[in-house]
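Start counting the sequence shown at 68; every next residue gets the next number (my numbering).
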Amino acid sequence: MRILIIEDSEKVRERIESMVSDIPGIEVVGYAVDEQDALERVNALLPDVVTLDLNLRKGSGIGVLKAIKKNHPGIKVMVLANDDGRYYEEACMRAGADCFFDKTFQFTRAYSALWLWSNAGRSGSLPLSPAPAE
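Structural data, given as structure tokens:
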């Protein structure tokens with residue numbers, strides 16, 4: 068499973084990469100920090116999964132999400148945001164997100180979702196709620 072990490076914080080990018088490095092069969096194929104770079108990398112790399120921050124240096128994570136789902140509907144998008152409010156989660160799900168997790172409190176759930184998908188769901192879909200909240 069090839070993953071593109073779209074995140075403007077270097078510290079959080081490193082945390083995500085560290086998290087996915089423990090999962091067999093997952094390869095991080097690239098990074099992006101703003102909307103334009105993210106869309107260019109998605110088009111060039113065609114990852115299986117994108118982890119997506121909503122607040123980018125330039126542009127909008129929601130804009131990236133909508134473009135991915137319009138142009139590459141088979142790419143799974145896992146939103147990892149600091150915005151734990153129901154409003155942001157609902158907006159992302161309406162825009163086509165496959166999962167939404169608060170990266171401050173739900174990293175374990177994001178890890179579980181990727182683990183399940185990589186190991187059991189290669190031909191299926193990414194579970195929306197793979198594990199109970201911590």
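Backbone N, C-alpha and C define an ideal beta-carbon position, used for all residues, glycine too.
### Task
Spatial neighbours of E81 within its chain, please: CB distance less than 7 Å, with the 5 preceding and 5 following residues excluded, ordered by chain position.
Hits under 7 Å: none found.
### Query
By DSSP, does I90 sit in helix, in strand, or in coil?
Correct three-state label for I90: coil.
### Message
I'd like the span of the beta strand (DSSP E) that includes R69, first residue to last.
### Response
It spans R69 to I73 - the beta strand (DSSP E) in which R69 sits, taken as one unbroken run.
### Message
Quick check on V100: does DSSP put it in helix, strand or coil?
### Response
Three-state result, V100: coil.
#### Entry: Enclosing beta strand (DSSP E) for L119 [first to last residue]
Under the DSSP assignment, L119 falls in the beta strand (DSSP E) whose first and last residues are V116 to L119.
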